[in-house]
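Using UniProt numbering, you'd call the opening residue of the sequence shown number 1 and step up by one each time.
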Amino acid sequence: MPSDLVLIVDIRQSATLIGDYVAGLDQRGFAADWMRRDATAFRLLLIGEAVTKLSPEIKTKLPDIDWRGMISLRHRLAHDYGSANFSVLWEIVSHDVPRLSEALASL
1 MPSDLVLIVD
11 IRQSATLIGD
21 YVAGLDQRGF
31 AADWMRRDAT
41 AFRLLLIGEA
51 VTKLSPEIKT
61 KLPDIDWRGM
71 ISLRHRLAHD
81 YGSANFSVLW
91 EIVSHDVPRL
101 SEALASL
């Protein structure tokens with residue numbers, strides 16, 4: 001099992017890459033660019049997978065983060081990608097991912 005530090009570095013790297021993927025896009029541009037959508041969805045899936053392995057101590061230190069939501073999103077992307085709502089993904093990458101990255105940097 002990877003350590004919390006390794007998992008946090010992985011999550012932050014995925015968050016940074018997501019930021020790179022969506023830089024310069026608005027919601028309409030994101031919806032129209034299947035390659036960036038797929039790359040972003042893959043990184044969200046990786047974040048959700050890493051979150052499943054984080055220790056309860058880390059999650060307790062950041063109670064305002066929706067850990068369960070990230071895991072649920074991971075399951076949806078892994079098992080039912082076709083049902084992914086790209087408007088919802090846009091909201092996640094626009095608001096939740098930067099907030100997550102900032103929170104993890106505070107540890």
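All C-beta atoms in this analysis are idealised placements derived from N, C-alpha and C, irrespective of residue type, glycine included.
Span of the alpha helix (DSSP H) around I92: Along the sequence shown, read from residue 1 onward, the residue named residue 92 stands at position 92. Note, I92: premise wrong, no alpha helix (DSSP H); not H, not E.
Coarse secondary structure for S72, derived from DSSP in three states: Locating residue 72 in the sequence shown gives position 72, where the first residue counts as 1. If DSSP states are grouped into helix, strand and coil, S72 belongs with the helices.
Nearest to R76 (by Cα), restricted to the options M35, L62, F42 and S55: Taking the sequence shown and counting its residues from 1, one reaches residue 76 at position 76. It is F42 whose Cα lies nearest to the Cα of R76.
Beta-carbon contacts of I58 that lie in its chain and below 6 angstroms, excluding the five residues immediately before and after: One-based indexing of the sequence shown puts residue 58 at position 58. These residues qualify, in order along the chain: D4.
Residue burial classification, S87 (beta-carbon count within 10 angstroms, cutoff 16): Taking the sequence shown and counting its residues from 1, one reaches residue 87 at position 87. Exposed.
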